[in-house]
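*Asks:* Anchor point for the sequence shown: position 119 equals 118 in numbering that gives the first Met the number 0, and the numbering is continuous, going up by one each time.
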Amino acid sequence: MLVMEEQVSIIITILAALLTGGFLMIFIESQQVANNMAERFHFIMRPFFHSFTNYARFISSFKTCFSFRGIESEGYMKRLKDDLEQISRIGGKSIIAGQEYPSDYFTAKQLGSICETINDVWYCIDKDYHGFQEIEFDTHHAEMFSEHTIGYLGEISPKYKGIELTKDLLGKVSGDFYVDFYQPIEHILPHYEYWSKKEKEFKTIAMITIIITLLTMLLLLLLRCYIPIWVLTSLCVLCCGLLLFELYKLMQLEDLTKKIMR
């Protein structure tokens with residue numbers, strides 16, 4: 000009986016050390032990894048979403064200068080009209096809210112779809128430039144509301160500051176945005192979502208491990224007289240193994256973070 004009490008005491012000491020030392024260390028380290036990843040992600044994506052928001056606002060304002068009356072029910076100009084309406088809704092929502100879209104507002108799939116629509120604006124104009132020239136453009140209207148429109152342009156990129164509002168600007172700005180702003184960062188959001196999924200898995204495993212360790216300690220304290228020592232020892236070994244597995248998953252998460260942050 001005395002030997003069993005000594006073994007139980009050793010097991011309790013080990014489990015207490017796991018909770019107060021091992022798991023606490025893993026928790027602190029994982030938080031540091033998560034903070035570094037979040038800082039890097041927002042550092043890269045915040046400037047992009049600043050330009051993205053102002054591009055959408057620009058389209059919302061500039062679209063009113065065009066009249067698509069008389070266009071065919073199918074074809075590139077109909078597609079262009081639909082593209083502009085979709086982007087305009089995004090810009091209008093931002094104007095009403097008075098805020099820029101945050102870095103994690105869209106999923107990677109949603110953002111990719113929107114930016115493909117932006118590229119399609121340039122594509123439709125390029126493919127049917129003659130049809131685009133037949134679309135009415137209200138120069139007077141453009142001049143009346145030029146302050147806001149040019150302001151949005153300047154916020155997309157400094158190279159657009161003070162630029163004259165012409166019809167051809169629609170295709171140029173859309174094509175430039177896709178190539179210069181979206182393509183360099185198009186892999187960032189999918190990678191971040193994958194990393195977030197792995198972090199969630201890590202946290203789930205950590206929570207399960209802590210619960211198993213706490214339950215084992217409760218069994219030791221309340222029911223040790225009724226449970227064979229080999230069962231308690233096996234549970235202790237299991238908890239130690241889970242801690243090692245957690246360390247392995249944390250190392251994987253750190254490696255993934257470094258890979259994405261390059």
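Beta carbons are placed, not taken as given, at the ideal position from N, Cα and C, and that holds for glycine.
Give the secondary structure of MET0 by DSSP, where H, G and I count as helix, E and B as strand, and everything else as coil.
*Replies:* By 1-based counting over the sequence shown, the position of residue 0 is 1. Residue placement at MET0 is flagged as unreliable, the pLDDT there being 49, under the threshold of 50; a coordinate-derived value is accordingly withheld.
*Asks:* Whole angstroms is fine: what's the gap from ARG68's alpha carbon to LYS77's?
*Replies:* The residue you call residue 68 lines up with position 69 of the sequence shown. The residue you call residue 77 lines up with position 78 of the sequence shown. Between ARG68 and LYS77, the C-alpha separation is close to 10 Å.
*Asks:* For a minimum of 3 consecutive residues, which ranges assigned as the beta strand (DSSP E) are wholly contained in the region 89 to 129?
*Replies:* none
*Asks:* Would you check if there are 3 or more beta carbon pairs closer than 8 Å linking the region 40 to 52 to the region 127 to 141?
*Replies:* Taking 8 Å as the limit for Cβ pairs, the verdict is that the region 127 to 141 does not touch the region 40 to 52.
*Asks:* Taking only runs that begin and end inside the region 170 to 254, name each unbroken alpha helix (DSSP H) of 4 or more residues, in chain order.
*Replies:* 187 to 222
*Asks:* Considering only the beta carbon of each residue, do TRP194 and MET36 sit closer than 8 Å?
*Replies:* Here residue 194 is taken as the residue at index 195 of the sequence shown, counted from 1. Here residue 36 is taken as the residue at index 37 of the sequence shown, counted from 1. Contact flag set, yes.
*Asks:* By alpha-carbon positions, which one of LYS158, TYR177, GLU115, PHE48 ends up nearest to SER93?
*Replies:* One-based indexing of the sequence shown puts residue 93 at position 94. It is PHE48.
*Asks:* For my contact list, LEU91 and SER59 are in at a C-beta cut-off of 8 Å; report their separation, rounded to the angstrom.
*Replies:* On the sequence shown, residue 91 is found 92 positions in, with the first residue counted as 1. On the sequence shown, residue 59 is found 60 positions in, with the first residue counted as 1. Per the sequence shown, the amino acid found at residue 91 is Gly instead of Leu. That belief holds up - the Cβ atoms of GLY91 and SER59 are roughly 5 Å apart, short of 8 Å.
*Asks:* What is the residue span of the alpha helix (DSSP H) that GLU142 lies within?
*Replies:* Here residue 142 corresponds to residue number 143 of the sequence shown, with the count starting at 1. 138 to 143 is the extent of the alpha helix (DSSP H) around GLU142.
*Asks:* Across the region 238 to 255 and the region 201 to 210, are there enough close Cβ pairs to call them in contact, namely three or more that are closer than 8 Å?
*Replies:* yes
*Asks:* Is the CB-CB distance between ASP119 and ASP82 below 8 Å?
*Replies:* As a first step, residue 119 is located in the sequence shown; it is residue number 120 there, counting from the start. As a first step, residue 82 is located in the sequence shown; it is residue number 83 there, counting from the start. The answer is yes: Cβ separation under 8 Å.
*Asks:* Roughly how many angstroms separate the alpha carbons of THR256 and ILE27, rounded to a whole number?
*Replies:* To locate residue 256, count along the sequence shown from 1; it is residue 257. To locate residue 27, count along the sequence shown from 1; it is residue 28. Spanning the two alpha carbons is a distance of roughly 16 Å.
*Asks:* Thinking LEU169 and ILE113 are a contact (beta carbons under 8 Å), I'd like their distance in whole angstroms, please.
*Replies:* Here residue 169 is taken as the residue at index 170 of the sequence shown, counted from 1. Here residue 113 is taken as the residue at index 114 of the sequence shown, counted from 1. No, LEU169 and ILE113 are not in contact; Cβ-Cβ is about 17 Å, not under 8 Å.
*Asks:* In the DSSP assignment, what are the bridge partners of GLU135?
*Replies:* Numbered from 1 along the sequence shown, position 136 holds the residue referred to as residue 135. Beta-bridge pairing links GLU135 to SER66.
*Asks:* Assign GLY74 to one of three DSSP states: helix, strand, or coil.
*Replies:* Numbered from 1 along the sequence shown, position 75 holds the residue referred to as residue 74. Coil at GLY74, not helix or strand.
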